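Novice: For the sequence shown, full-length UniProt numbering begins at 1 and goes up steadily by one.
We put the beta carbon where it would ideally sit given N, CA and C, even for glycine.
Predicted model, so just to flag it, every value in this text is computed and none were measured.
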Amino acid sequence: MKVKNILILSLFVVSLLGFGNQAKAQLYNSALGLRLGATNGITFKSFVKNNAAIEAIGTFRYRGFGLTGLYEVHGRAFQSRDFNWFIGGGGHVYFWGDDRPNWIDGNTRSVLGLDGIIGLEGKFRTIPLAVSLDWKPAINIINYSGLWADEIALSFRYTW
Numbered sequence: 001m002k003v004k005n006i007l008i009l010s011l012f013v014v015s016l017l018g019f020g021n022q023a024k025a026q027l028y029n030s031a032l033g034l035r036l037g038a039t040n041g042i043t044f045k046s047f048v049k050n051n052a053a054i055e056a057i058g059t060f061r062y063r064g065f066g067l068t069g070l071y072e073v074h075g076r077a078f079q080s081r082d083f084n085w086f087i088g089g090g091g092h093v094y095f096w097g098d099d100r101p102n103w104i105d106g107n108t109r110s111v112l113g114l115d116g117i118i119g120l121e122g123k124f125r126t127i128p129l130a131v132s133l134d135w136k137p138a139i140n141i142i143n144y145s146g147l148w149a150d151e152i153a154l155s156f157r158y159t160w
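#1: Give the straight-line distance between the Cα atoms of I141 and E151, rounded to the nearest whole angstrom.
#2: Go ahead and pull the three-state DSSP assignment for D134.
#3: With DSSP collapsed to three states, give me the class of R35.
#4: Name the one or two DSSP bridge partners that N84 has.
#5: When DSSP labels each residue in this structure, what does L27 get in the three-state scheme?
#6: Please list, in chain order, all residues of the same chain as Y158 whose beta carbon is under 7 Å from its beta carbon, the five residues on each side excluded.
#7: So, with DSSP's three-state summary, where would you put T126?
#8: I'd like the list of long-range same chain contacts for K123, defined as Cβ closer than 7 Å, with 5 residues on each side in sequence excluded.
#9: I need the DSSP call for R157, collapsed to helix, strand or coil.
#10: Within 10 angstroms of its Cβ, does residue 171 collect 16 or more other Cβ (buried), or is it exposed?
#11: Going along the chain, which residues of its own chain have a beta-carbon closer than 6 Å to the beta-carbon of F95, five neighbours each way excluded?
#12: Helix, strand or coil for G97, going by three-state DSSP, please let me know.
#13: How many Å lie between G58 and I87 at the Cα?
#14: Taking DSSP as the reference, what is the three-state secondary structure of A149?
#15: Any idea if residue 175 is buried or exposed, counting beta-carbon neighbours within 10 angstroms, 16 or more meaning buried?
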C-alpha cells in the first residue's frame, strides 16, 4: 500500500471517529507504561492541552535501542468520555551495536527519521489504567532511507 493511500485512509478513519469533537478530550494528566508490538518498550504520555499530548517512547529492536518523540492531537471517540482517538507525528533515532540489522549497509550504527501515529485509547474509570492500540509508521531519512510500516502496538499505562 502506498504511503499516500495510507495517509488518506488514516484521515478518513479519524474523521469517522469525530475529528471535530476534540475539545476536553483529556482522559488523564500523565501516564507511564509498557508498549508491546513489533518493538517493545516503555511509553510516557503527558497532556499539554485538553486535546493535545506529547509522548516519549523508548523501544528495543534488532538488538538496539530507539527513542521516539511524538505530538498527538486527541478527540472523543464513540461519543464516550472513556475513549479517545489520536493522531500525530514526530521523530525517532535508533542505535545499534555490532549486531545491527543485516539490511543496514556499511558501518552505520544509527538512523534518524520521521514518525506518524494514529490510534484509539481507552481509560478505565475505576482503576488508574489506560490501554491504547496504535499504528506508528516511520520513515528513516538519515543513514538508511526506508519505510517501517509494521509498528502496530498495544500499550498499557498507569495514569495519574
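Specialist: The structure says:
#1: Along the sequence shown, one-based indexing puts residue 141 at 141. Along the sequence shown, one-based indexing puts residue 151 at 151. If I take the Cα positions, the gap works out to 17 Å.
#2: As a first step, residue 134 is located in the sequence shown; it is residue number 134 there, counting from the start. Of the three classes helix, strand and coil, the one that applies to D134 here is strand, per DSSP.
#3: Stepping through the sequence shown from its first residue, residue 35 is reached at position 35. Correct three-state label for R35: strand.
#4: Looking up residue 84 in the sequence shown gives position 84. BP columns for N84 point to R76, E121.
#5: For the purposes of this step, residue 27 is taken as the residue at position 27 of the sequence shown. Three-state result, L27: coil.
#6: Within the sequence shown, the letter at position 158 stands for residue 158. Cβ within range, chain order: A31, L32, G33, P128, L129.
#7: The sequence position of residue 126 within the sequence shown is 126, counting from 1. Coil, per DSSP.
#8: Within the sequence shown, residue 123 is the residue found at index 123, counting from 1. Same-chain partners within the cutoff: L27, Y28, D82, A130, T159.
#9: Taking the first residue of the sequence shown as position 1, residue 157 is located at position 157. Strand at R157.
#10: Because the chain here runs from 1 to 160, residue 171 falls outside it and cannot be looked at.
#11: Here the question's residue 95 lines up with position 95 in the sequence shown. Excluding residues within five positions, the ones whose Cβ falls inside 6 Å are G64, F65, S110.
#12: Translated into the one-based positions of the sequence shown, residue 97 becomes position 97. In this structure, G97 counts as coil in the three-state DSSP scheme.
#13: Position 58 of the sequence shown, counting from 1, holds the residue named residue 58. Position 87 of the sequence shown, counting from 1, holds the residue named residue 87. Spanning the two alpha carbons is a distance of roughly 19 Å.
#14: On the sequence shown, residue 149 is found 149 positions in, with the first residue counted as 1. Coil, per DSSP.
#15: The question about residue 175 has no answer, for the chain in this structure spans 1 to 160.
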